[in-house]
DNA sequence: ACTGTGATGACACGACGTGACATCAGGTAG
DNA sequence: CTACCTGATGTCACGTCGTGTCATCACAGT
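Protein chains in written order, with this note's numbering: chain A, 2 to 187; chain B, 2 to 187.
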């Protein structure tokens, strides 16, 4: 028998989300979380840099995005790279997780600090997109614009997707959103 | 003679930016700032919600943006509203302040927490743009896209503007950036 | 059997942000 | 002229957060 129960990280996440559901994010303290998980607060901060980080899960989205972007066909136009990557991303990281994402969204919306952190995550995705485009030889200004627009497309579409009752695939919504943007800029 | 020297807020800002220049943002504590300004830490938090806020000045950018957007001609197309507002904004809040903005930019770039707060400020501007557009009858999804794109245009252009040596007006750069975006989405 | 190694705990600490209450100058009403 | 109110500030106490440091101990490899 191991000295410590395994899965500390998972226990911390479980305890945290339970408490967030019971009392809300801001009313929940780190000691409360660790007490429920049977760990010390010091251990909490070994897994999560701060209290907010636990909300954003363990998936390293930027790294994943960089991977998807790096796999793009060398002959594709920049916009095609973006759109194909967004499709892949939608299908692998979003589709089938609506309930989970809705729950997280609610928690994030409930706290200013979490909204702030959410924006930072978004920006991190934009930065890897920017770097991937620059690596393909796209001009910096154009790359910035495309990267930011990419993130905008994704998040506006996700909002739309989460708000819907039907099962329209996120990838389709993203394509529609691009069309809407094009027409709005004319 | 007044019991307290007037201009507490100004003294706090002055002391803070001096210390940030000397030691950097994160190495500067609130007590250090208030000691130099001759005030208590409690008073600091009466003027600034937290240590980060002091970097972003006292100007209520979102309120100003809302004003500019509300003054737009009722007959303008949404995109024209955005572009004209951006022009006004560039001329009244940015032009002539390059050095100040560069200094702030450096401080903000030096600290993750400040970058996070900066993104929040950006988002706040986006939200007032969104609300102004919805108030004009623009569809929600389209309004989101335009609002986010508006903020993207502004910030990408400001980056470009701050990086330049010449005196090309920000408003012109924004117009160019829109053209770049249009061509990138084709 | 010995020795790392890695995950955890225990403890102390500094900084942050807030609530509650005291202080006091200046203006205003009576 | 006095009494009161108001607004800006100070003082104190507190809870939470995040980090540095060191001790502990099961397990694996030699």
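Note that the Cβ used here is the ideal one computed from N, Cα and C, for glycine as well.
For residue i, which residues in chain A fall below 9 Å Cβ to Cβ?
i, result
"residue 27 of chain B", "What residue 27 of chain B touches in chain A: nothing, since even the nearest Cβ is about 15 Å away."
"residue 107 of chain B", "Near residue 107 of chain B there are no residues of chain A at all, since even the closest Cβ is about 18 Å away, more than 9 Å."
"residue 157 of chain B", "142, 145, 146, 149"
"residue 54 of chain B", "Within chain A, no residue comes near residue 54 of chain B; the closest Cβ sits about 12 Å away, beyond 9 Å."
Determine the chain A residues that contact residue i at a beta-carbon separation under 7 Å, and present them in chain order.
i, result
"residue 143 of chain B", "181, 185"
"residue 161 of chain B", "142"
So residue i is in the alpha helix (DSSP H); what residue range does that whole segment cover?
i, result
"residue 85 of chain B", "79 to 90"
"residue 50 of chain A", "Run containing residue 50 of chain A: none; DSSP gives neither H nor E here."
"residue 26 of chain A", "No alpha helix (DSSP H) holds residue 26 of chain A; DSSP gives it neither H nor E."
"residue 32 of chain A", "31 to 38"
"residue 63 of chain A", "62 to 71"
"residue 175 of chain B", "171 to 185"
Would you mind sorting residue i into buried or exposed? The rule is 16 or more other CB atoms within 10 Å of its CB.
i, result
"residue 91 of chain B", "buried"
"residue 97 of chain B", "exposed"
"residue 71 of chain B", "exposed"
"residue 79 of chain A", "buried"
"residue 187 of chain B", "exposed"
"residue 178 of chain A", "buried"
"residue 180 of chain A", "exposed"
"residue 23 of chain A", "exposed"
"residue 86 of chain B", "buried"
"residue 107 of chain B", "exposed"
"residue 14 of chain A", "buried"
"residue 93 of chain B", "exposed"
"residue 17 of chain B", "buried"
"residue 158 of chain B", "buried"
"residue 185 of chain B", "buried"
"residue 28 of chain A", "exposed"
Return the chain-ordered list of same chain residues with a C-beta closer than 7 Å to the C-beta of residue i, the five sequence neighbours on each side being excluded.
i, result
"residue 144 of chain A", "131, 134, 135"
"residue 63 of chain B", "125, 126, 129"
"residue 42 of chain B", "31, 32, 35"
"residue 109 of chain B", "56, 115, 116, 119"
"residue 122 of chain A", "57, 62"
"residue 49 of chain B", "55"
"residue 25 of chain B", "111"
"residue 174 of chain A", "158, 161, 162"
"residue 2 of chain A", "Confidence in residue 2 of chain A is poor, its pLDDT being 44 and thus under 50, which makes the residue's placement too unreliable to answer from."
"residue 21 of chain A", "29, 108"
"residue 53 of chain A", "114, 115, 118"
Going along chain B, which residues have a C-beta under 7 Å from residue i?
i, result
"residue 20 of chain A", "Correct list: empty, because the minimum Cβ distance to chain B is about 24 Å."
"residue 23 of chain A", "Simply none; closest approach about 27 Å."
"residue 30 of chain A", "Residues of chain B passing the Cβ test: none, with the nearest at roughly 19 Å."
Considering only residues of the same chain and omitting the five flanking positions on each side of residue i, which have a CB-CB separation below 6 Å?
i, result
"residue 95 of chain A", "171"
"residue 149 of chain A", "127"
"residue 82 of chain A", "73"
"residue 88 of chain A", "172"
"residue 152 of chain B", "123, 126, 127"
What does residue i touch in chain A if you count any residue whose Cβ is under 8 Å from its own?
i, result
"residue 118 of chain B", "117"
"residue 60 of chain B", "Within chain A, no residue comes near residue 60 of chain B; the closest Cβ sits about 20 Å away, beyond 8 Å."
"residue 89 of chain B", "Residues of chain A passing the Cβ test: none, with the nearest at roughly 20 Å."
Output, in chain order, the set of chain B residues within a Cβ distance shorter than 9 Å of residue i.
i, result
"residue 80 of chain A", "185, 186, 187"
"residue 124 of chain A", "116, 117, 120"
"residue 93 of chain A", "None at all; the shortest Cβ gap to chain B is about 24 Å."
"residue 42 of chain A", "Residues of chain B passing the Cβ test: none, with the nearest at roughly 21 Å."
Identify, in the order they occur along the chain, each residue of the same chain with its Cβ nearer than 8 Å to the Cβ of residue i, setting aside the five sequence neighbours on each side.
i, result
"residue 169 of chain B", "162"
"residue 9 of chain B", "38, 40, 44, 48"
"residue 99 of chain B", "162, 163"
"residue 140 of chain A", "none"
"residue 113 of chain B", "none"
Quick one: list the residues of chain B neighbouring residue i, beta-carbon separation under 8 Å, in chain order.
i, result
"residue 178 of chain A", "142, 146"
"residue 35 of chain A", "Simply none; closest approach about 24 Å."
Is any non-hydrogen atom of the ligand HEM found closer than 7 Å to the C-beta of residue i, if you look at the structure I gave you?
i, result
"residue 24 of chain B", "Looking for the ligand HEM in the displayed structure turns up nothing, as the structure carries no ligands at all."
Query raised in the report: In chain order, which continuous runs of the alpha helix (DSSP H) of length 4 or greater are located wholly inside the region 105 to 159 of chain B?
Result: Runs found: 113 to 136.
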